[in-house]
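Reading through the structure tokens given below for one structure.
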Amino acid sequence: MDTNTAIFERRTVHAFNSIKVDEKLIYNAINAANQAPCHRLTFPWRFYSIGISKRNEILKLAIDIKSSKKSLDENSKKIIRDKFLNPSHLLISSQILNKDELIKKEDYAACACAIQNLAISLASSKVNIKWSSGEIIRSKRIYNILNIDPTLEEIIGFIWVGYGKILPEIKRPLIKEIYKQI
Numbered sequence: 002m003d004t005n006t007a008i009f010e011r012r013t014v015h016a017f018n019s020i021k022v023d024e025k026l027i028y029n030a031i032n033a034a035n036q037a038p039c040h041r042l043t044f045p046w047r048f049y050s051i052g053i054s055k056r057n058e059i060l061k062l063a064i065d066i067k068s069s070k071k072s073l074d075e076n077s078k079k080i081i082r083d084k085f086l087n088p089s090h091l092l093i094s095s096q097i098l099n100k101d102e103l104i105k106k107e108d109y110a111a112c113a114c115a116i117q118n119l120a121i122s123l124a125s126s127k128v129n130i131k132w133s134s135g136e137i138i139r140s141k142r143i144y145n146i147l148n149i150d151p152t153l154e155e156i157i158g159f160i161w162v163g164y165g166k167i168l169p170e171i172k173r174p175l176i177k178e179i180y181k182q183i
């Protein structure tokens with residue numbers, strides 16, 4: 002698939018089937034992510050592929066976090082289990098922290114570009130992703146599970162990778178609404 006088609010067909014998917022994505026596609030997508038623009042050549046992005054035992058630990062953490070706010074019935078727990086265990090891969094994306102606030106902000110933009118490159122690379126092979134954040138990525142326990150030092154590196158998202166069950170239709174704004182010549 003050509004680049005423009007991949008860009009136009011890429012969608013965030015919320016439910017995945019359990020079909021495995023070829024490791025070569027994951028590697029190629031990480032390689033594409035590594036080609037992202039980076040203003041100060043800091044290359045702050047990091048990606049971790051999470052194995053099943055760590056996914057189960059993260060699943061337990063997710064259930065703990067959700068159940069601390071409200072009681073979860075078995076169906077709610079199943080939905081969370083499917084979210085964590087159905088996708089072929091769970092990648093964790095992080096950013097190496099810089100003490101300079103301006104560089105830190107620029108580095109976050111570079112990380113977002115890297116994730117978009119990853120998404121487009123996978124979309125070109127009809128593989129879907131969901132980049133998610135939320136309370137779990139700020140939990141001290143997630144850093145312990147992943148053995149990441151939060152003083153050096155910040156988790157910026159979970160990237161669920163796989164084949165989507167339902168591809169959403171999106172109505173985007175018209176170009177004349179977002180682009181002006183002045």
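Heads up: the sequence shown begins at 2 in our numbering, then just goes up one per residue. All C-beta atoms in this analysis are idealised placements derived from N, C-alpha and C, irrespective of residue type, glycine included.
Exercise. Comparing alpha-carbon positions, which option in Pro38, Gly158, Pro45 and Ile27 lies nearest Cys114?
Worked result: For the purposes of this step, residue 114 is taken as residue 113 along the sequence shown, with counting starting at 1. That would be Pro38, whose Cα lies nearest to the Cα of Cys114.
Problem set entry | Exposed unless 16 or more other CB atoms sit within 10 angstroms - verdict on Asn145 | By 1-based counting over the sequence shown, the position of residue 145 is 144. Exposed, since its Cβ has fewer than 16 Cβ neighbours within 10 Å.
Exercise. Which value, in whole angstroms, describes the spacing of the CA atoms of Asn5 and Leu86?
Worked result: Position 4 of the sequence shown, counting from 1, holds the residue named residue 5. Position 85 of the sequence shown, counting from 1, holds the residue named residue 86. The straight-line gap from Cα to Cα measures roughly 31 Å.
For this session: Would you tell me roughly how many angstroms separate the C-alpha atoms of Ser68 and Ile137, rounded to the nearest one?
Result: Sequence index remark: in the sequence shown, residue 68 carries index 67 (1-based). Sequence index remark: in the sequence shown, residue 137 carries index 136 (1-based). Rounded to the nearest angstrom, the two C-alpha atoms are 13 Å apart.
Problem set entry | beta strand (DSSP E) segment containing Phe85, residue limits | The residue given as residue 85 occupies position 84 in the sequence shown. Premise fails: Phe85 lies in the alpha helix (DSSP H), Glu75 to Leu86, not in any beta strand (DSSP E).
Problem set entry | DSSP bridge partner residues for Arg47 (one or two, in chain order) | The sequence position of residue 47 within the sequence shown is 46, counting from 1. In DSSP, Arg47 forms a bridge with Ser95.
For this session: Take the Cβ of Glu24 as the centre, count every other Cβ of all protein chains shown within 10 Å, and call the residue buried at 16 or more, exposed below.
Result: Looking up residue 24 in the sequence shown gives position 23. When all chains shown are included, Glu24 counts as exposed.
Exercise. Per DSSP, Val162 forms a beta bridge with which residues?
Worked result: Taking the first residue of the sequence shown as position 1, residue 162 is located at position 161. BP columns for Val162 point to His90 and Ile130.
For this session: For Arg12, collect the residues of the same chain with a Cβ closer than 6 Å to its Cβ; drop the 5 residues on either side in sequence, then sort them by chain order.
Result: Position 11 of the sequence shown, counted from the start, is the residue given in the question as residue 12. For Arg12, where only same-chain residues beyond five positions count, the Cβ hits under 6 Å are Leu168 and Pro169.
For this session: Check Glu178 in the structure and name its three-state DSSP category.
Result: Start at 1 with the first residue of the sequence shown, and residue 178 comes out as number 177. Of the three classes helix, strand and coil, the one that applies to Glu178 here is helix, per DSSP.
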